[in-house]
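Residue numbers (my numbering): 2 to 404.
Have a look at the structure below before the remarks.
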Amino acid sequence: MAPGRFAGYKTTLIMLLPTQQVAIVGGGPGGLTLANLLQQAGLMVRVYERDIDRNARVQGSPLDLHEESGLAALRKAGLMDAFKTHFMPDADHTVIMNPDAEVVFSNSEDKRPGFGDAGFRPEIDRGALRNILLDALHPETVVWNRHLRSMTPQGAGWQLQFEEQDAVYADFVVGADGARSKIRPYLTDSQAFYSGITMIEGLIEDAAEKIPFLYTVLRGGKIMGFGDGINILMGQKEAGAVGFYFSFKADKQWVSTSGLSLNNRNQLLQWFKSRYTGWNPVWQELLEQTALPLIPRPIYCIPPDQTWPAQANLTLMGDAAHVMPPFAGEGVNMAMRDALELAAALTSGTDSSPATAIAAYETSMRSRSAEKALESLQNGERMHSETALDTMTAFFKGTVAIQ
Ligand SMILES: Cc1cc2nc3c(=O)[nH]c(=O)nc-3n(C[C@H](O)[C@H](O)[C@H](O)COP(=O)(O)OP(=O)(O)OC[C@H]3O[C@@H](n4cnc5c(N)ncnc54)[C@H](O)[C@@H]3O)c2cc1C
């Protein structure tokens with residue numbers, strides 16, 4: 002995105018919401034980054050999160066943060082030192098394997114970039130990122146075990162209703178509650194569409210012991226195994242664990258219609274043999290060793306042309322606003338860029354009212370995220386095409402530019 006009006010916003014504040022209560026619903030990377038930025042600017046912020054407490058398991062692959070978005074937001078929040086303490090220095094080690102489990106590309110001998118180098122995208126475990134963002138907030142900021150059910154207009158703000166908890170009032174609400182946002186319908190009827198790709202996610206603790214061959218190849222980074230329209234993606238996690246995804250094209254309802262129980266190891270092994278026919282048994286070890294159940298992840302994407310009229314006391318950010326396939330590594334970066342821009346809109350003094358500030362933020366956010374959503378869809382098609390192994394290998398070798 003072009004630097005534009007939100008780059009380098011002033012911290013001499015003419016705040017739009019100086020005495021009002023801001024409720025951020027959802028304590029993912031987007032919501033917690035926004036909470037940090039608003040709190041540092043002096044706003045009264047609460048984050049309402051459905052997880053029971055901060056120790057709830059954070060699933061998912063490590064996240065690579067980009068200079069103009071994820072890293073820019075952390076820098077603005079003063080959290081780069083904490084990030085440098087916790088990032089995973091070897092996570093950009095990248096290996097491509099074929100179904101026979103032969104390495105066809107590895108950057109292990111290359112000099113890889115570091116902080117200060119162009120194009121460096123340091124990676125961090127999701128749990129570590131969440132902890133950095135939580136530790137920087139005032140202790141009472143996040144209200145755990147608050148699963149938002151619905152909202153009703155009240156006065157100039159909103160009454161938030163939670164499952165089995167008392168309702169609370171907020172003057173201004175930010176929906177940061179992820180892909181299945183309960184808040185999004187209060188702004189738009191537009192819904193994300195199924196991308197045609199489903200992933201199933203697993204986690205292996207003590208991976209050095211349980212999957213020794215793949216773990217040795219992994220070397221703290223990531224492995225991408227590409228086959229004929231199907232693939233396996235895996236990456237290092239904290240504390241010697243490895244996360245993986247089986248990723249393939251499937252009908253939208255595959256999770257319910259396939260008859261496959263993601264909690265039944267024998268069924269999973271049979272499914273692997275029929276769906277990943279001819280793949281080396283070394284890949285099968287992932288299913289033999291993983292914790293169960295696996296997590297189904299049908300991959301959705303927002304309509305790139307989505308729009309809605311701005312409201313003065315409600316907005317969206319992150320996946321709630323623009324869920325997209327993970328194949329360009331942009332989801333979390335867009336969420337954190339949203340935090341940066343929304344905080345700027347509310348605190349920089351550029352806009353005279355919340356309505357104009359929100360309208361400007363949302364216009365920029367939709368345009369920027371639509372571009373990344375299209376890129377993510379295109380990458381998803383390439384990674385699940387019949388020529389994925391050759392195309393992606395050529396890309397990583399630098400002989401093909403993927404637009
Ligand atoms: C399989 C997969 C792999 C991915 N890999 C990458 C990657 O490599 N790089 C990348 O950049 N992105 C990746 N993404 C996308 C990335 O995870 C998201 O874009 C990012 O987490 C969005 O952050 P967020 O804060 O908007 O939402 P989320 O991370 O979804 O956080 C939302 C929070 O809201 C809470 N919540 C939800 N509903 C409610 C409710 N009703 N009430 C209260 N709280 C609620 C949730 O518990 C959660 O804590 C991947 C996504 C998937 C599915």
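For glycine and all other residues, C-beta sits at the position ideal for the given N, C-alpha and C.
It should be emphasised that the depicted structure is a prediction, and the values quoted were computed from it without experimental measurement.
Rounding to the nearest angstrom, what Cα-Cα distance links residue i and residue j in this structure?
| i | j | result |
| --- | --- | --- |
| residue 341 | residue 130 | 16 Å |
| residue 201 | residue 175 | 30 Å |
| residue 391 | residue 382 | 14 Å |
| residue 7 | residue 346 | Note that residue 7 scores 43 on pLDDT, short of 50, meaning its location in the model is unreliable and no value can be drawn from it. |
| residue 307 | residue 191 | 7 Å |
| residue 14 | residue 344 | Residue placement at residue 14 is flagged as unreliable, the pLDDT there being 37, under the threshold of 50; the coordinate-derived value follows with that caveat. Those two C-alpha atoms are separated by around 11 Å. |
| residue 9 | residue 270 | Per-residue confidence for residue 9 stands at a pLDDT of 39, beneath the threshold of 50, marking its modelled position as unreliable; the derived number appears in the next sentence. Going from the Cα of residue 9 to the Cα of residue 270 covers about 52 Å. |
| residue 64 | residue 280 | 28 Å |
| residue 195 | residue 325 | 10 Å |
| residue 110 | residue 236 | 19 Å |
| residue 248 | residue 218 | 20 Å |
| residue 242 | residue 70 | 27 Å |
| residue 214 | residue 282 | 11 Å |
| residue 272 | residue 143 | 41 Å |
| residue 11 | residue 349 | With a pLDDT of 37 at residue 11, under the threshold of 50, the modelled position of that residue is not reliable, and the figure given next carries that caveat. Answer to the nearest angstrom: the Cα atoms are 5 Å apart. |
| residue 133 | residue 275 | 42 Å |
| residue 3 | residue 369 | Residue placement at residue 3 is flagged as unreliable, the pLDDT there being 36, under the threshold of 50; a coordinate-derived value is accordingly withheld. |
| residue 265 | residue 293 | 8 Å |
| residue 363 | residue 147 | 26 Å |
| residue 221 | residue 91 | 5 Å |
| residue 372 | residue 305 | 7 Å |
| residue 84 | residue 115 | 13 Å |
How about residue i and residue j: are their beta carbons less than 7 Å apart?
| i | j | result |
| --- | --- | --- |
| residue 303 | residue 193 | yes |
| residue 311 | residue 377 | no |
| residue 318 | residue 177 | yes |
| residue 164 | residue 150 | yes |
| residue 37 | residue 173 | no |
| residue 320 | residue 128 | no |
| residue 96 | residue 224 | yes |
| residue 126 | residue 238 | yes |
| residue 262 | residue 268 | yes |
| residue 198 | residue 300 | yes |
Report yes if the C-beta of residue i is less than 6 Å from at least one heavy atom of ligand 1; otherwise report no.
| i | result |
| --- | --- |
| residue 183 | yes |
| residue 372 | no |
| residue 51 | yes |
| residue 315 | no |
| residue 336 | yes |
| residue 293 | no |
| residue 177 | yes |
| residue 330 | yes |
| residue 320 | yes |
| residue 243 | no |
| residue 350 | no |
| residue 161 | no |
| residue 323 | no |
| residue 333 | yes |
Distance cutoff 7 Å, beta carbons only. Does residue i sit that close to anything in chain C?
| i | result |
| --- | --- |
| residue 292 | Of the protein chains in this structure there is only one, and it is not chain C. |
Touch test, the region 122-142 against the region 25-34, Cβ-Cβ under 8 Å, three pairs minimum: yes
Three or more C-beta pairs below 8 Å linking the region 105-117 and the region 147-158: no
Three-pair Cβ contact test at 8 Å for the region 272-290 versus the region 330-337: no
Given 8 Å, three or more beta-carbon pairs between the region 45-61 and the region 18-27: yes
Given 8 Å, three or more beta-carbon pairs between the region 111-121 and the region 220-234: no
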